[in-house]
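Enquirer:
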Amino acid sequence: MKNIIAFAGSNSSTSINKKLATYATSLVNGAEVKVLDLNDFELPLYGMDHELAHGIPDNAQKFLDLIKSTDGIVLSLAEHNGTYTTVFKNLFDWMSRIDGKLWSDKPMLLMATSPGARGGGSALEIAQGRFGFMGGNIVGRFSLPSFGDNFSDGKITNEELNSQLIEEVEQFSESL
Ligand SMILES: Cc1cc2nc3c(=O)[nH]c(=O)nc-3n(C[C@H](O)[C@H](O)[C@H](O)COP(=O)(O)O)c2cc1C
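Numbers 388 to 563, taken from our numbering, label the letters of the sequence shown in order.
1) Return yes when the C-beta of residue 543 is under 7 Å from any heavy atom of ligand 1, and no when it is not.
2) Measure the Cβ-Cβ separation of residue 560 and residue 415 and say whether it is below 8 Å.
3) Could you check whether the region 522-536 touches the region 495-503, counting it as contact only if at least three pairs of C-beta atoms, one from each stretch, sit closer than 8 Å?
4) Measuring straight from C-alpha to C-alpha, what distance separates residue 536 and residue 464?
5) Quick check: what's the CA-CA separation for residue 453 versus residue 390?
6) Return yes when the C-beta of residue 488 is under 7 Å from any heavy atom of ligand 1, and no when it is not.
7) Between residue 400 and residue 466, is the Cβ-Cβ spacing less than 8 Å?
8) Taking the alpha-carbon positions, what's the residue 513 to residue 484 distance?
9) Would you decide whether residue 538 is buried or exposed? Buried here means 16 or more other CB atoms lie within 10 Å of its CB.
10) For the alpha helix (DSSP H) that residue 505 lies in, which residues bound it at each end?
11) So for residue 471, helix, strand or coil by DSSP?
12) Going by C-alpha to C-alpha distance, which of 552, 409 and 476 sits closest to residue 447?
13) Considering only residues of the region 408-470, which uninterrupted beta strand (DSSP E) runs meet the minimum length of 3 residues and lie entirely inside it, listed in chain order?
14) Tell me the start and end of each unbroken alpha helix (DSSP H) in the region 505-544 that is at least 4 residues and wholly inside, in chain order.
15) For residue 504, collect the residues of the same chain with a Cβ closer than 7 Å to its Cβ; drop the 5 residues on either side in sequence, then sort them by chain order.
16) So is residue 543 buried or exposed if we call it buried at 16+ other beta carbons inside 10 Å?
17) Comparing C-alpha positions only, which one of 474, 522, 456 and 511 sits nearest to residue 486?
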C-alpha cells in the first residue's frame, strides 16, 4: 500500500487548509494517510547566525525524513499577505539548508484555500513557480475559493468545485 503525507502550510489550530487537505486525502483510494501538523514541528525563526551557532534543528530533519519516506504529498497552503505563511516558509527554509531539492521528486497535490474569492491563488502561484527548482513534482493543483461558502461538514459542498478536485486527486493517485 502507498503512503502519503498531508499537511497545511499553517499553524492555526482551526486551519481551513488542514480541513481541505484532510478532505482531499479521503478521496485517495488505497493509501495510508498521515496528516501532519506544523505545530508538532516547532522551529526557531531561521537565521544564519542561529544556524552557525546551533546547527540545524531536529524538527527540520524530522520533517524532511517524512517527505523522503513518503510516496506522495498533499499540501494545502494558507495565504498571508499574498504569499506563504511565515510558519511554512520557515520550515521550507530550514529544510532547504539540508537539501535544496527537499521535495525529493515526490508526487504532490498542491492546493490552497482562503475565505476570499481567490482561494489563496497567490500563494499557490508562488509555490508553483518555486517548487520545481526544489525537487517539486506537482501533479495536481486545486484552489478552493470562498471556503466558508463552499466547504461544510468536512467536505466541499459546491459540486463543480468538488468534481475539479476529484480530477486532480485522480491524477495524483495515478502518479503514486
Ligand atoms: C496576517 C494575515 C494575512 C492574510 N492575508 C491573506 C491574503 O493575502 N489572501 C487571502 O486570501 N487571505 C488572507 N488572510 C486570511 C487567511 O486566508 C485566513 O486566515 C485563512 O483561514 C488562513 O488559512 P488557515 O486557516 O489554513 O490558516 C490573511 C490572514 C492573516 C492573519
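No residue lacks a Cβ here, since even glycine has one placed at the ideal position from N, Cα and C. Given the structure is predicted, the values throughout are model-derived calculations rather than measurements.
Expert: In terms of the structure at hand:
1) Because no heavy atom of ligand 1 lies under 7 Å away, the Cβ of residue 543 does not count as near it: no.
2) Yes.
3) Judged by Cβ distances under 8 Å, the region 522-536 makes contact with the region 495-503, as three or more pairs qualify.
4) The straight-line gap from Cα to Cα measures roughly 19 Å.
5) Spanning the two alpha carbons is a distance of roughly 10 Å.
6) No; taking the cut-off as 7 Å, the Cβ of residue 488 has no heavy atom of ligand 1 nearer than that.
7) Result no, Cβ atoms of residue 400 and residue 466 do not sit closer than 8 Å.
8) Residue 484 has its alpha-carbon roughly 20 Å from the corresponding atom of residue 513.
9) Its Cβ being crowded by 16 or more others within 10 Å, residue 538 is buried.
10) No alpha helix (DSSP H) contains residue 505, which DSSP labels as neither H nor E.
11) In the displayed model, residue 471 falls within a strand according to three-state DSSP.
12) Residue nearest to residue 447 within the set 552, 409 and 476 is 476 (criterion: CA-CA distance).
13) As far as the region 408-470 is concerned, its whole beta strand (DSSP E) runs of at least 3 residues are 418-422 and 459-464.
14) Counting whole runs of 4 or more residues, the region 505-544 contains the alpha helix (DSSP H) stretches 508-518 and 534-537.
15) Excluding sequence neighbours, residue 504 sits near 532 and 533.
16) Buried, by the Cβ-count rule.
17) Out of 474, 522, 456 and 511, 522 has the C-alpha closest to the C-alpha of residue 486.
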